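A.B. asks: Sharing a structure, written as structure tokens. Questions coming.
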Amino acid sequence: MKILVALKQVPARDSLLRIDASGRWLDESDLSFEINEPDAYALEAALQLKEQHGGEVVVLSAGPERAVSAIREALAKGADRAIHVEQENLGEFDTLSLAKLLAAAASSEKADLILTGLQSDDLGSGQTGVIMAELLGLPHATIIMAVEASGQGVRVKRELEAGWFQHVSMPLPAVLTIQSGINKLRYATLMGIKKAKTKEVRKLTAAELGVQPESSVSLLRIYQPKRVKQTQMLAGAPAEQAAQLVEKLKFEARVI
Amino acid sequence: MSQLKGGEFLLRAAKMEDVFSPEDFTDEHRAIARATEEFWDNEVAPQLEEIQHQNHDAAVRVLRKSAELGLTGVVVPEQWGGMEMDMISAMIVAEVLGRDGSYAAWHGAHAGIGTLPLALFGTEVLKKKYLKRLVSAEFVGAYALTEPHAGSDALAAKTRADLAPDGAHYVMNGSKMWITNAGKADIFTVFAKVNGEQDKFTAFIVERAWPGVKVGAEEKKMGIKGSSTCAVYFDNVKVPVENVLGEVGRGHVIAFNILNVGRLKLGPFAVGGSKQVLAQSIKYAKERQAFGGPIARFGMIRHKLAEMAIRIFAAESVAYRAAGDVERFGDHLKGAEEYAVECSYVKVLASEVLDFVVDEGVQVHGGYGYHQDYFVERAYRDSRINRIFEGTNEINRLLATGMLLKRAKRGQLALVEGVKKLQDELMSATGPVDSDVAANAKKIALFALGLAYQRFRDQIEDQQEVLAGITECAMNAYAMESVSVRRCKLASTGKAAAAQDVCDVYLDEAMNVVEQSARSVLAASSEGDALRVNLAILRRLAKREQVNVIGARQRIASKLLESGRYLF
Ligand SMILES: Cc1cc2nc3c(=O)[nH]c(=O)nc-3n(C[C@H](O)[C@H](O)[C@H](O)COP(=O)(O)OP(=O)(O)OC[C@H]3O[C@@H](n4cnc5c(N)ncnc54)[C@H](O)[C@@H]3O)c2cc1C
């Protein structure tokens, strides 16, 4: 099975975020970057499928020059080769034109399966994978919790709301957008890091792919969320209160 | 070749490209740091409480897992299951694993002193027998040099190995003390004297499983309580002759060479620990409220945080500079020998920076820093050992200048010419001196060394305080140059302003230390009018524009508080 994993490099989760002078993006001078979290799970899912069924894992990333470190990390973890659409002005591409860029780069690969994260940690539109599928004329499924190859197609488990799941069988080729936390991420080993240096990274540009930046959607302003303090009183017996508290810490505050 | 030779920093200025620093890390180095950090967060950190409470099985499990990533064999050839990477990569791994003193001890005693003697000196036969299994951490390694009555004076060891009549094995008897990892070690590198003869100090690979090897109870230590430290006893242990490491009578070469590398590696271990304490202290300073606001707004707290960062920067600069020199030398062992003086500086500086950082870390935490619930309390106790092992800081201070003199005698370092040239220059010039503070510090070191040597000649070995004073000057001069060259490297980056402030304060403080140490050396080496002239020269060399160190520290502190961690 040939699997293409589209991944993005985003500001690291523990970064100190400062808004730049334009007010429309982050000041990147002091940021460190990492693979977008759900994309890392997509990569892991691809590597596991390859281990089970053989084939090839190709990484596709559109990003500035610095994105090469995310690409090398994916190669170090076991991806076979990569395509880097190297473009410094990706901020000028809206989701549609970005998806066009990725679709153009992906089309010649004729992959059996294209995996992406369900959304990016920085912009969080959750659309890129879906639009790319549409542009490529492929079926897609979103918020994937599990992927199993079955006969000619795949069987996937989608996360719905309120603890419900949906199981879907779909034909290949297809595009899946992967949810975070669905598998256990592997480490890049030192040997993997060493070998990654010798793996192929093909560089392409938007011009070569014939894609122009478009801005049917534009980002006007970004700002820090306001901190709000709230006090909630929990009622019930101590054990019930404790249970409610745990619930809230888990799902509202998301700290445990 | 423009690379400075060992000790040559005293005589020549380093060029920017000669001084390796973290700014020169390759993408691969950064990837190694990231992978090791991920491993730390997910595998080591969750086990620290267990490890701290002497669950040695947990420690060994983590060690084995780290071997799957390749962390236990960074510089070992691929042929033996290692990664065959450079010294810088090993330093980077050590820095991440240095965040906890106990785990650092497990890792260092296994992958460093427990594995490297075999990797560097073992025969093919011995390597086949043990090396892969050490690199995979199937076997845990340990290094047994110290004895109850032979610590700093390691060559006074009494453990002996007598060749048996069959000529096929030695019979080992004696005891070792303070052996890290001993509780779990399968393989010991043991130093003993063949037939008890002083000139036959020899290293052996000894298996724990052999009859007659006994490991004592865990020592009750002040810190690194999660590490294993025991005595090891040898009672008529039969050691096959092929388990001699290197040659009979050449054990001291192994011991000293491994120590050189160990001293260098102590640098990143201490720097990693220091950065961790700094981050915790910043966090606490922002959270702790006093007099109606966070203590982070107080100048004296900000002073502490800035000072921690400044000194960490210095230790880091020195450690990676020396590692870069060792790496460029080609052969790690020969490199560490060539730069043995610099390796001693790394050991002393980094261990003392860590001690400073943990001490101020506790202070920032106030009473809570004195409580075991807080990380700094443990870090404070864990730090202390670093000034003791890998050669005490006293021994390293004596060795450093001792080795400089030895290199000069052997014709490896043009110290005499350097001193003479400097004296001519100082006698002829009267005007203001060079504005390069680091260069002047080197001149002071050289000046003091020259005077002391002229006064004491070959008896200088007996003048420990004088030797240590010279080391203080030279070591600080080395650090000053390392910091100042690194500042230049950072000049065109977003960190330029912070690096300038760090450099300004460090140079000022280090020059105070240099001046004070030199004064005592000069006073011990000359009297009367000569002393007065010498002190005048010293004053001239130590003269500098006074920077506003308070302002600089304030700016550094603001950046630290904003970013929440070390800045570089
Ligand atoms: C936790 C721990 C782990 C250790 N792990 C290991 C290990 O894995 N393997 C191993 O072989 N050893 C190990 N050691 C031993 C360690 O290396 C020695 O403790 C150290 O070398 C000092 O020796 P000593 O304790 O005998 O002190 P001593 O040599 O007795 O020193 C006492 C004091 O005298 C000073 N002194 C000694 N000689 C001189 C001199 N010539 N001039 C001036 N001052 C001098 C010292 O600096 C020190 O201040 C460990 C020790 C500890 C505490």
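Just so you know, the protein sequences line up as chains A and B, in that order. Taking my numbering, the leading residue of the first sequence gets 1072, the next gets one more, and so forth. Taking my numbering, the leading residue of the second sequence gets 590, the next gets one more, and so forth. Glycine included, C-beta positions come from ideal geometry on N, C-alpha and C. Predicted model, so just to flag it, every value in this text is computed and none were measured.
Given A/Ala-1077, which residues of its chain have a CB within under 6 Å of its CB, disregarding the five upstream and five downstream residues?
C.D. replies: The sequence position of residue 1077 of chain A within the first sequence is 6, counting from 1. Only Leu-1131, Leu-1173, Thr-1187 meet the Cβ criterion.
A.B. asks: Please indicate yes or no: does the CB of B/Lys-782 lie closer than 7 Å to some heavy atom of ligand 3?
C.D. replies: With respect to small molecules bound, the structure shown includes ligand 1 and not ligand 3.
A.B. asks: Please go through the same chain and pick out, in chain order, the residues whose beta-carbon is closer than 7 Å to the beta-carbon of B/Val-837, but skip the five residues on each side of it.
C.D. replies: Mapped onto the second sequence, residue 837 of chain B falls at position 248. Around B/Val-837: Val-783, Lys-789, Thr-791.
A.B. asks: What residue range does the beta strand (DSSP E) around A/Gln-1080 cover?
C.D. replies: Residue mapping note: residue 1080 of chain A aligns to position 9 of the first sequence, counting from 1. Here the beta strand (DSSP E) through A/Gln-1080 covers 1080-1082.
A.B. asks: Give the DSSP-derived three-state secondary structure of B/Met-761 in the structure shown.
C.D. replies: To locate residue 761 of chain B, count along the second sequence from 1; it is residue 172. It is a strand residue.
A.B. asks: Closer than 6 Å by C-beta to B/Glu-597: which residues in its own chain qualify, once you throw out the five before and the five after it? Chain order, please.
C.D. replies: Numbered from its first residue, the second sequence carries residue 597 of chain B at position 8. Nothing meets the Cβ criterion.
A.B. asks: Relative to chain B, which residues along the region 1077-1107 of chain A have a C-beta separation below 7 Å, given in chain order?
C.D. replies: Per Cβ criterion, the list reads Leu-1087, Ser-1100, Asp-1101.
A.B. asks: Would you please state the rounded distance, in angstroms, between the beta carbons of B/Phe-978 and B/Lys-1084? I believe it to be under 8 Å.
C.D. replies: Taking the first residue of the second sequence as position 1, residue 978 of chain B is located at position 389. Taking the first residue of the second sequence as position 1, residue 1084 of chain B is located at position 495. Actually they are not in contact, since the Cβ atoms of B/Phe-978 and B/Lys-1084 sit about 34 Å apart, beyond 8 Å.
A.B. asks: Are there 16 or more other CB atoms within 10 angstroms of the CB of B/Asn-631, so buried, or fewer, so exposed?
C.D. replies: As a working mapping, residue 631 of chain B is identified with position 42 in the second sequence. When all chains shown are included, B/Asn-631 counts as exposed.
A.B. asks: With 8 Å as the threshold, decide whether the Cβ of B/Phe-628 is near any Cβ in chain A.
C.D. replies: Counting from one through the second sequence, the residue named residue 628 of chain B turns up at place 39. Interface residue, yes.
A.B. asks: Ends of the alpha helix (DSSP H) at A/Leu-1075?
C.D. replies: Within the first sequence, residue 1075 of chain A is the residue found at index 4, counting from 1. That residue, A/Leu-1075, is in no alpha helix (DSSP H); its beta strand (DSSP E) goes 1073-1077.
A.B. asks: So with CB distances below 9 Å, who are the chain D contacts of B/Glu-657?
C.D. replies: Looking at the structure shown, chain D is missing, and the protein chains on hand are A and B.
A.B. asks: What three-state label does DSSP hand A/Ala-1064 in the structure shown?
C.D. replies: Since the first and last residues shown for chain A are 1072 and 1327, residue 1064 of chain A lies out of range.
A.B. asks: Could you give the DSSP three-state label for B/Trp-695: helix, strand or coil?
C.D. replies: For the purposes of this step, residue 695 of chain B is taken as residue 106 along the second sequence, with counting starting at 1. Of the three classes helix, strand and coil, the one that applies to B/Trp-695 here is helix, per DSSP.
A.B. asks: Applying a beta-carbon distance threshold of less than 7 Å, which residues of chain B neighbour A/Ala-1147?
C.D. replies: Counting from one through the first sequence, the residue named residue 1147 of chain A turns up at place 76. Under the 7 Å cutoff, chain B gives Ala-620.
A.B. asks: Using a cut-off of 9 Å between C-beta atoms, extract the partners of B/Leu-663 located in chain A.
C.D. replies: Counted from its first residue, the second sequence places residue 663 of chain B at position 74. For clarity, residue 663 of chain B is Val in the given sequence; the question names Leu instead. Per Cβ cutoff of 9 Å: Leu-1261.
A.B. asks: Rounded to whole angstroms, what's the CA-CA distance from B/Pro-635 to B/Ala-1034? Just pull it up for me.
C.D. replies: Taking the second sequence and counting its residues from 1, the one referred to as residue 635 of chain B is at position 46. Taking the second sequence and counting its residues from 1, the one referred to as residue 1034 of chain B is at position 445. Taking the straight line from one Cα to the other gives about 47 Å.
A.B. asks: Suppose you measure from the CA of B/Leu-599 to the CA of B/Leu-943; what does that come to, to the nearest Å?
C.D. replies: Translated into the one-based positions of the second sequence, residue 599 of chain B becomes position 10. Translated into the one-based positions of the second sequence, residue 943 of chain B becomes position 354. Approximately 26 Å between the Cα atoms of the pair.
A.B. asks: Give every residue of the same chain whose Cβ lies closer than 8 Å to the Cβ of B/Pro-611, excluding the five residues on either side of it in the sequence, and list them in chain order.
C.D. replies: The residue labelled residue 611 of chain B in the question sits at position 22 within the second sequence. Around B/Pro-611: Glu-905, Tyr-909, Phe-1157.
A.B. asks: Relative to ligand 1, is the shortest distance from any of its heavy atoms to the C-beta of B/Gly-1140 smaller than 7 Å?
C.D. replies: Taking the first residue of the second sequence as 1, we reach residue 1140 of chain B at position 551. It does not: the Cβ of B/Gly-1140 is nowhere closer than 7 Å to a heavy atom of ligand 1.
A.B. asks: Run the proximity test for B/Trp-799: is its beta-carbon closer than 7 Å to any non-hydrogen atom belonging to ligand 1?
C.D. replies: Here residue 799 of chain B refers to the residue found at position 210 when the second sequence is read from its first residue. Every heavy atom of ligand 1 is 7 Å or more from the Cβ of B/Trp-799, so no.
A.B. asks: Between which two residues does the alpha helix (DSSP H) holding A/Thr-1199 run?
C.D. replies: Within the first sequence, the letter at position 128 stands for residue 1199 of chain A. Element bounds for A/Thr-1199: 1199-1207.
A.B. asks: I'd like to know if B/Ala-1018 contacts chain A, where contact means its C-beta is closer than 8 Å to some C-beta of that chain.
C.D. replies: Locating residue 1018 of chain B in the second sequence gives position 429, where the first residue counts as 1. Taking Cβ atoms only, chain A never reaches closer than 8 Å to B/Ala-1018, which makes this a no.
A.B. asks: With DSSP as the reference, identify every bridge partner of B/Thr-748, one or two as the case may be.
C.D. replies: Your numbering for residue 748 of chain B matches position 159 in the second sequence. In DSSP, B/Thr-748 forms no bridge with anything.
A.B. asks: Taking the continuous alpha helix (DSSP H) assigned at B/Arg-650, which residues delimit it?
C.D. replies: In the second sequence, counting from the first residue as 1, residue 650 of chain B sits at position 61. Unbroken alpha helix (DSSP H) run through B/Arg-650: 645-658.
A.B. asks: Give me the chain B residues within the contact set of A/Lys-1268, using Cβ-Cβ distance strictly less than 8 Å, ordered along the chain.
C.D. replies: To locate residue 1268 of chain A, count along the first sequence from 1; it is residue 197. Within 8 Å Cβ-Cβ: Glu-617.
A.B. asks: Cβ of A/Thr-1199 within 7 Å of any heavy atom in ligand 1?
C.D. replies: Along the first sequence, one-based indexing puts residue 1199 of chain A at 128. Answer for A/Thr-1199: no, Cβ out of range of ligand 1.
A.B. asks: Per DSSP, what kind of secondary structure is B/Gly-690 in: helix, strand or coil?
C.D. replies: Counting from one through the second sequence, the residue named residue 690 of chain B turns up at place 101. It is helical.
A.B. asks: Which same chain residues end up closer than 8 Å to A/Ala-1083 when comparing Cβ atoms and leaving out the 5 residues on each side of it in sequence?
C.D. replies: Residue 1083 of chain A sits at position 12 when you count from the first residue of the first sequence. Excluding sequence neighbours, A/Ala-1083 sits near Leu-1102, Ser-1103, Phe-1104, Glu-1105.
A.B. asks: In angstroms, rounded to a whole number, what distance separates the CA positions of B/Gln-668 and A/Lys-1266?
C.D. replies: As a working note, residue 668 of chain B is residue 79 in the second sequence. As a working note, residue 1266 of chain A is residue 195 in the first sequence. Spanning the two alpha carbons is a distance of roughly 15 Å.
A.B. asks: How would you list, in chain order, the residues of chain A whose beta-carbon sits under 7 Å from the beta-carbon of B/Glu-1134?
C.D. replies: Looking up residue 1134 of chain B in the second sequence gives position 545. Ordered by position in chain A, no residue passes the 7 Å Cβ test against B/Glu-1134, which lies about 30 Å from the chain.
A.B. asks: If you pair each beta-carbon of the region 732-741 of chain B with each one of the region 802-815 of chain B, do three or more pairs fall below 8 Å?
C.D. replies: Contact fails: fewer than three Cβ-Cβ distances are below 8 Å.
A.B. asks: Who are the Cβ neighbours of B/Ala-1005 in its own chain at under 8 Å, not counting the five residues just before and after it?
C.D. replies: Numbered from 1 along the second sequence, position 416 holds the residue referred to as residue 1005 of chain B. It is Val, not Ala, that sits at residue 1005 of chain B in the sequence shown. Result list for B/Val-1005: Ala-997, in chain order.
A.B. asks: What residues in its chain sit with their C-beta under 7 Å from that of B/Ile-640, if we drop five residues either side in the sequence?
C.D. replies: To locate residue 640 of chain B, count along the second sequence from 1; it is residue 51. Same-chain partners within the cutoff: Ala-647, Ala-648, Ser-691, Tyr-692, Gly-815.
A.B. asks: Can a CB atom of chain B be found closer than 8 Å to the CB of A/Glu-1157?
C.D. replies: Here residue 1157 of chain A corresponds to residue number 86 of the first sequence, with the count starting at 1. Not closer than 8 Å to any Cβ of chain B, the Cβ of A/Glu-1157 fails to qualify, so no.
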